[in-house]
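Input: a single structure, listed below in structure tokens.
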Amino acid sequence: MSVPVSLGQAATRIAVATVDLIFPKRCYVCGRHGHFLCKSCEPDLPRLGQPYCSLCAQPMKRMHPLCLRCQEHPLEIDGICSPFLLEGPVRHMVHALKYQGIRALAQPLGELMADFSRQAKLPAQGLVPVPLHPKRERERGYNQSALLARAVGEALGLPVEEGALRRVWNTPSQARSLSSEERRVNVQDAFAADEDLVRGKRLLLIDDVCTTGSTLAACSMALRDAGAASVWGLVLAREP
Numbered sequence: 003m004s005v006p007v008s009l010g011q012a013a014t015r016i017a018v019a020t021v022d023l024i025f026p027k028r029c030y031v032c033g034r035h036g037h038f039l040c041k042s043c044e045p046d047l048p049r050l051g052q053p054y055c056s057l058c059a060q061p062m063k064r065m066h067p068l069c070l071r072c073q074e075h076p077l078e079i080d081g082i083c084s085p086f087l088l089e090g091p092v093r094h095m096v097h098a099l100k101y102q103g104i105r106a107l108a109q110p111l112g113e114l115m116a117d118f119s120r121q122a123k124l125p126a127q128g129l130v131p132v133p134l135h136p137k138r139e140r141e142r143g144y145n146q147s148a149l150l151a152r153a154v155g156e157a158l159g160l161p162v163e164e165g166a167l168r169r170v171w172n173t174p175s176q177a178r179s180l181s182s183e184e185r186r187v188n189v190q191d192a193f194a195a196d197e198d199l200v201r202g203k204r205l206l207l208i209d210d211v212c213t214t215g216s217t218l219a220a221c222s223m224a225l226r227d228a229g230a231a232s233v234w235g236l237v238l239a240r241e242p
């Protein structure tokens, strides 16, 4: 049964589509017109390099398997991986995708995530985007993580299970200034998974940014409780 779309929702969708059509494509690194990211500029993006935590991907000053936070409170996830740091042009692209309605950015960014996933050989039979609460998604007009997941799935030839996970609590934004413990409590029990879609599968959680890993861990716990065989997180960018 179709759900009627309110005038407000319709206006939001039209506005988002209009932005995608008229926003001039300029490389976020060099500024040249024609592409959001020039192929020649990709190597200049800020990469997440060693040393970093093998569980949450937190950059560290010295090589060690786990960061102090994960030594004390390990995240309930097989691991989190990211190709980039949330700095410079990557930060600008994430902001444009997430808050300025530039949905077309999801395609090139998702392809970069797919390239990284191939190199890292992450185990996956399906992709699951981190969901927004329906109210927040209606306000924004789209879920940026779902857009990235579709691009990653297309590049890797993997199905995207958008209905596998849902956010049952409309929690405050994790982007606000919260401590790691506040972030963990903020998303505790905030997600529920569909057993029929996840049972026995190796899943890859897709999100745009990882700050402490609390959201990804909460999603992972819901998926594991529903019978997922393994859950890894793949994000575009890691907070330094």
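Here my numbering runs 2 ahead of the position in the sequence shown, where the first position is 1. Positions of the beta carbon are idealized from the N, C-alpha and C atoms, including for glycine.
Is the region 206–223 in contact with the region 139–151, if contact means three or more CB pairs nearer than 8 angstroms? yes
Within 10 angstroms of the Cβ of Ser216, are there 16 or more other Cβ atoms? Answer buried if so, exposed if not. buried
Beta carbon of Cys221, beta carbon of Ala59: below 8 angstroms? no
Relative to the C-alpha of Ala166, which residue among Val130, Lys63 and Gln190 is closest? Val130
Report the rounded CA-to-CA distance for Leu158 versus Ala116, giving the unit in angstroms. 6 angstroms
Look up Arg120 in the DSSP assignment and give the residues it is bridged to. DSSP output for Arg120 lists no bridge partner at all.
Contact defined as beta carbons within less than 8 angstroms: I believe Glu241 pairs with Leu199. What is the distance between those atoms, to the nearest angstrom? No, Glu241 and Leu199 are not in contact; Cβ-Cβ is about 30 angstroms, not under 8 angstroms.
The region 35–46 in contact with the region 65–75 per 3-pair CB rule at 8 angstroms: no
Between the Cα of Ala2 and the Cα atoms of Ile104, Pro161, Glu141 and Ile79, which residue gives the shortest distance? The structure shown has nothing for residue 2, since the chain only spans 3 to 242.
DSSP three-state assignment for Cys67, whether helix, strand or coil: In the sequence on display, residue 67 carries Pro and not Cys. Correct three-state label for Pro67: coil.
For Arg34, does the count of other Cβ atoms within 10 angstroms reach 16, so buried, or fall short, so exposed? exposed
Rounded C-alpha distance that separates Glu141 from Arg28: 27 angstroms
Could you spell out where the beta strand (DSSP E) holding Ser232 opens and where it closes? Ser232 to Arg240
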